[in-house]
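Heads up: the structure comes next, in C-alpha cells.
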Amino acid sequence: MTVGLLYNKKKKESVHYVRLLKEAILEIGRRESRDGETWNVIDSADYKQESLLHSADLLISIGGDGTFLKTAAIAIQRDLPVLGFHLGTLGLLTEFDKNDLEKTVLRLVKGEYIIEERMTLTVAVEDQSGTRLFEKTAINDCVLSRGTLSKVAYINLYINQAFVDTYPCDGIIVSTQTGSTAYSLSAGGPIVEPGNDVIVITPICAHYTDGRSIIARSTSKIEMDLCRPHHQMFLTADGYENFQIPAKAKVVCSKGSKKVRIIRIDPPNFYEALRKKASERRERIHNEE
Numbered sequence: 157m158t159v160g161l162l163y164n165k166k167k168k169e170s171v172h173y174v175r176l177l178k179e180a181i182l183e184i185g186r187r188e189s190r191d192g193e194t195w196n197v198i199d200s201a202d203y204k205q206e207s208l209l210h211s212a213d214l215l216i217s218i219g220g221d222g223t224f225l226k227t228a229a230i231a232i233q234r235d236l237p238v239l240g241f242h243l244g245t246l247g248l249l250t251e252f253d254k255n256d257l258e259k260t261v262l263r264l265v266k267g268e269y270i271i272e273e274r275m276t277l278t279v280a281v282e283d284q285s286g287t288r289l290f291e292k293t294a295i296n297d298c299v300l301s302r303g304t305l306s307k308v309a310y311i312n313l314y315i316n317q318a319f320v321d322t323y324p325c326d327g328i329i330v331s332t333q334t335g336s337t338a339y340s341l342s343a344g345g346p347i348v349e350p351g352n353d354v355i356v357i358t359p360i361c362a363h364y365t366d367g368r369s370i371i372a373r374s375t376s377k378i379e380m381d382l383c384r385p386h387h388q389m390f391l392t393a394d395g396y397e398n399f400q401i402p403a404k405a406k407v408v409c410s411k412g413s414k415k416v417r418i419i420r421i422d423p424p425n426f427y428e429a430l431r432k433k434a435s436e437r438r439e440r441i442h443n444e445e
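Count along the sequence shown starting at 1, add 156, and that's the number in this note's numbering.
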C-alpha cells in the first residue's frame with residue numbers, strides 16, 4: 157500500500173507533522189499490516205503531481221479544508237480515497253486531529269474505516285455554437301461573479317432549460333451539498349447535510365427581496381447567461397480557477413461523473429462539527445480584536 161502525502165510545504169508545522177506521519181505509517185505498517193502487505197510513503201515535496209498520482213493507492217491531506225480540496229481534486233482523477241488531517245483549526249472535511257496521529261494510522265493500516273462518497277459538479281462555459289471553452293470538476297462550488305469594477309450583473313438562470321428568473325446581483329453560487337457550508341452559506345444559502353445529493357443555487361447580494369436560494373435535484377442541468385453581455389464576468393471553480401466569460405457565452409453546471417471518496421474512521425456528527433467550527437471562528441475573531 158502506497159500512501160501519498162500532500163501539504164503546504166511553506167508551513168513549518170506541516171513539514172514537521174509530515175515527518176512524524178511518515179514514521180508512523182512505516183512503523184505501524186510494518187508491525188500491524190495484514191497479510192504481509194508492505195506500506196510505503198511518497199511525499200509531494202519529492203514527487204511531481206503526475207508521478208504521485210500514478211504511484212499512490214490513497215492520499216492523505218495535511219492542513220485545512222483548502223488543502224483537502226486541492227488533494228481531492230488530484231485524487232478523483234484516479235478514484236483514490238482521501239484522508240484529511242487538520243493542524244489545529246477544525247475542518248468539516250478534515251476529520252483527524254494531529255494529536256490522533258498514531259491511533260488514526262493504526263486504524264487505517266488495519267482497514268478499520270469506511271469510504272464516504274460526495275458528488276461533484278461538472279462546470280463548463282459554452283459559446284453560442286455549443287463549443288466548450290472551459291471545463292472543470294468542482295467539489296465545493298462554482299461562482300459566476302462580476303469584475304471588481306463592474307456594475308450590478310443581470311444573470312439569467314435556467315434549470316432543465318426552463319427559465320427561472322433574471323437576477324440583478326453580484327453573482328450566483330452553484331454548489332454541491334459539500335459546498336453548502338462554504339461560500340454559499342456566507343451568502344445566506346441553506347446548510348445541506350452530507351448524503352443528500354442536491355445542487356444549491358444562491359445569488360450573491362441579490363438586489364431585490366425575492367433573491368432566495370434554490371435547491372435543485374442533483375440530476376438538474378443549471379445554465380446561466382448574461383442579460384447584459386457587455387458586463388465583465390468571471391467563473392471560478394472551488395476558488396482556484398478563474399475564467400473570464402466571453403460575450404454571449406453561457407455557464408453550464410451539472411452533476412459530475414466523478415465522486416470524492418473520503419476515508420472516515422469515526423465520522424463526526426455533522427451538526428456538532430458545524431457548531432464547533434463556528435465557535436472556533438468566533439473565538440479566533442474575538443482574540444484578534
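Built from N, CA and C at the ideal position, the CB exists for glycine as well.
So, helix, strand or coil for residue i, using DSSP?
i: G219; result: coil
i: H210; result: helix
i: Y173; result: helix
i: L248; result: coil
i: T158; result: strand
i: T260; result: helix
i: E379; result: strand
i: K307; result: coil
Determine whether the beta carbon atoms of residue i and residue j lie at a separation below 7 angstroms.
i: S217; j: T227; result: yes
i: V416; j: I184; result: no
i: L248; j: T337; result: yes
i: R234; j: L209; result: yes
i: P324; j: Y314; result: no
i: V356; j: G345; result: yes
i: L161; j: D202; result: no
i: Y163; j: K254; result: no
i: D297; j: I329; result: yes
i: V197; j: I181; result: yes
i: T358; j: S342; result: no
i: E188; j: V265; result: yes
i: K377; j: N316; result: yes
i: I418; j: Y269; result: no
i: S301; j: G327; result: yes
i: D213; j: T158; result: yes
Could you say which of the options lies nearest to residue i if we only look at CA atoms?
i: D256; options: R373, Q284, A318, H242; result: H242
i: K292; options: T158, V408, I418, D353; result: V408
i: R190; options: K167, G267, P359; result: G267
i: N312; options: V299, S340, E179, C383; result: C383
i: Q205; options: A229, I401, K414, V299; result: A229
i: L177; options: F252, L430, K433; result: F252
i: V299; options: I347, K259, D321, Q400; result: Q400
i: T332; options: P423, Q388, E273; result: E273
i: K307; options: Q388, T260, G286; result: Q388
i: G220; options: S207, T250, W195; result: T250
i: Y364; options: E179, D321, A429, K168; result: D321
i: K414; options: S207, L236, R186, T194; result: L236
i: I271; options: P423, L225, K168; result: P423
Tell me, please, which residues DSSP counts as bridged to residue i.
i: I370; result: I357
i: P237; result: R417
i: R288; result: E282
i: E272; result: I418
i: A294; result: L277
i: K411; result: L277
i: T301; result: According to the sequence as given, residue 301 is Ser; it is not Thr. Looking at the DSSP assignment, S301 forms a beta bridge with G327, F390.
i: L313; result: D321, M380
Any Cβ of chain B within less than 7 angstroms of the Cβ of residue i?
i: H172; result: Although the question refers to chain B, the structure presented lacks it and comprises just one protein chain.
Please work out which residues of its chain come closer than 8 angstroms, Cβ to Cβ, to residue i, disregarding the five sequence neighbours upstream and downstream, and give them in chain order.
i: R288; result: A280, V281, E282
i: N398; result: F390, L391, T392
i: S374; result: M275, D353, V354, I355, K411
Here's a check: name, in chain order, each residue in its chain whose Cβ is nearer than 6 angstroms to the Cβ of residue i, leaving out the five neighbours to either side.
i: T304; result: none
i: P385; result: A403, K404
i: A362; result: Y323, C325
Grab me the residues of residue i's own chain with a C-beta within less than 7 angstroms of its C-beta, minus the 5 sequence neighbours each way, in chain order.
i: A294; result: T276, L277, V279, A393, D394
i: G335; result: N296, D297
i: F426; result: E349, P350
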